[in-house]
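Down below is the structure, laid out as structure tokens.
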Amino acid sequence: MSIINIIDLSVIGDKRGSLISLEQCRNVPFEIKRVYYMYGMDSQLPRGFHAHKRLRQLAVCVNGSCEVLIDNGNSQEVVRLNDPSKGLLIEPYQWHVMQSFTRDCILMVLADDYYNESDYIRNYDDFLRNLQ
Ligand code: TYD
Numbered sequence: 006m007s008i009i010n011i012i013d014l015s016v017i018g019d020k021r022g023s024l025i026s027l028e029q030c031r032n033v034p035f036e037i038k039r040v041y042y043m044y045g046m047d048s049q050l051p052r053g054f055h056a057h058k059r060l061r062q063l064a065v066c067v068n069g070s071c072e073v074l075i076d077n078g079n080s081q082e083v084v085r086l087n088d089p090s091k092g093l094l095i096e097p098y099q100w101h102v103m104q105s106f107t108r109d110c111i112l113m114v115l116a117d118d119y120y121n122e123s124d125y126i127r128n129y130d131d132f133l134r135n136l137q
């Protein structure tokens with residue numbers, strides 16, 4: 006079974022363009038306390054390399070594309086995000102790496118809590134040790 010959990014986001018579109026609405030506890034399966042976005046990444050400089058203890062996140066590549074590697078300690082999978090109508094759920098204890106960004110990549114992430122460094126596991130051996 007895949008460890009990649011993609012949420013299909015409904016697109017409201019007409020000849021004027023496309024619109025996607027993100028609503029907490031509706032199409033986003035958690036309370037939204039924080040939204041952050043990344044842009045200006047370098048294809049040669051991957052980011053992430055951490056897991057969270059409690060945080061749930063939904064990553065949407067709203068422009069361009071990138072890859073996300075998800076590792077649950079048992080298996081790894083890479084998914085390419087290249088569609089603003091697809092959201093990747095990143096759950097607690099999923100080690101993740103964002104990589105292979107296109108120059109125009111804008112990666113938006115919704116999170117169910119405020120930024121909290123103590124929720125991060127930044128060392129891969131600690132991640133493996135902390136798996137339930
Ligand atoms: P980090 O989460 O390490 O980035 P990535 O996982 O994409 O490589 O965050 C980079 C820096 O930004 C780090 O100093 C923490 C800070 N930061 C915040 O202040 N608020 C936030 O919401 C996030 C995600 C990061």
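Residue numbers (the numbering used here): 6 to 137.
Virtual Cβ for every residue (Gly too), placed ideally from N, Cα, C.
No experiment lies behind these values; they were computed from the predicted model shown.
Does residue i come out as helix, strand or coil in the three-state DSSP assignment?
{"i": "N135", "result": "helix"}
{"i": "Y120", "result": "coil"}
{"i": "D130", "result": "helix"}
{"i": "I12", "result": "strand"}
{"i": "M6", "result": "coil"}
{"i": "Y125", "result": "strand"}
{"i": "D19", "result": "strand"}
{"i": "Q99", "result": "coil"}
Measuring alpha carbon to alpha carbon, tell me which of the options ends up nearest residue i.
{"i": "M43", "options": "L115, L133, R134, Y119", "result": "L115"}
{"i": "L86", "options": "D76, G78, G69, Y98", "result": "G69"}
{"i": "I8", "options": "I25, L74, V33", "result": "L74"}
{"i": "R108", "options": "H101, R59, P51, A64", "result": "P51"}
{"i": "I25", "options": "Y120, K91, P34", "result": "K91"}
{"i": "L112", "options": "R31, G18, L63", "result": "L63"}
{"i": "E28", "options": "K20, I37, G22", "result": "I37"}
{"i": "G22", "options": "P89, M6, Y120", "result": "P89"}
{"i": "Y119", "options": "D13, H57, D47, K20", "result": "H57"}
{"i": "V16", "options": "R127, V67, Q49", "result": "V67"}
{"i": "Y41", "options": "S123, W100, V65, D76", "result": "V65"}
Assuming residue i contacts residue j under a Cβ cut-off of 8 Å, what Cβ separation, rounded to an integer in Å, is found between them?
{"i": "H55", "j": "Y125", "result": "5 Å"}
{"i": "L60", "j": "D117", "result": "6 Å"}
{"i": "S105", "j": "E72", "result": "4 Å"}
{"i": "G78", "j": "L133", "result": "6 Å"}
{"i": "N4", "j": "L94", "result": "Because the chain here runs from 6 to 137, residue 4 falls outside it and cannot be looked at."}
Distance cut 5 Å, beta-carbon to the ligand TYD heavy atom: residue list by chain order:
Y41, R52, G53, Y120
Which runs of the beta strand (DSSP E) fall wholly inside the stretch 22-94 and span at least 3 residues, in chain order?
22-24, 39-44, 52-57, 62-68, 71-76, 81-86
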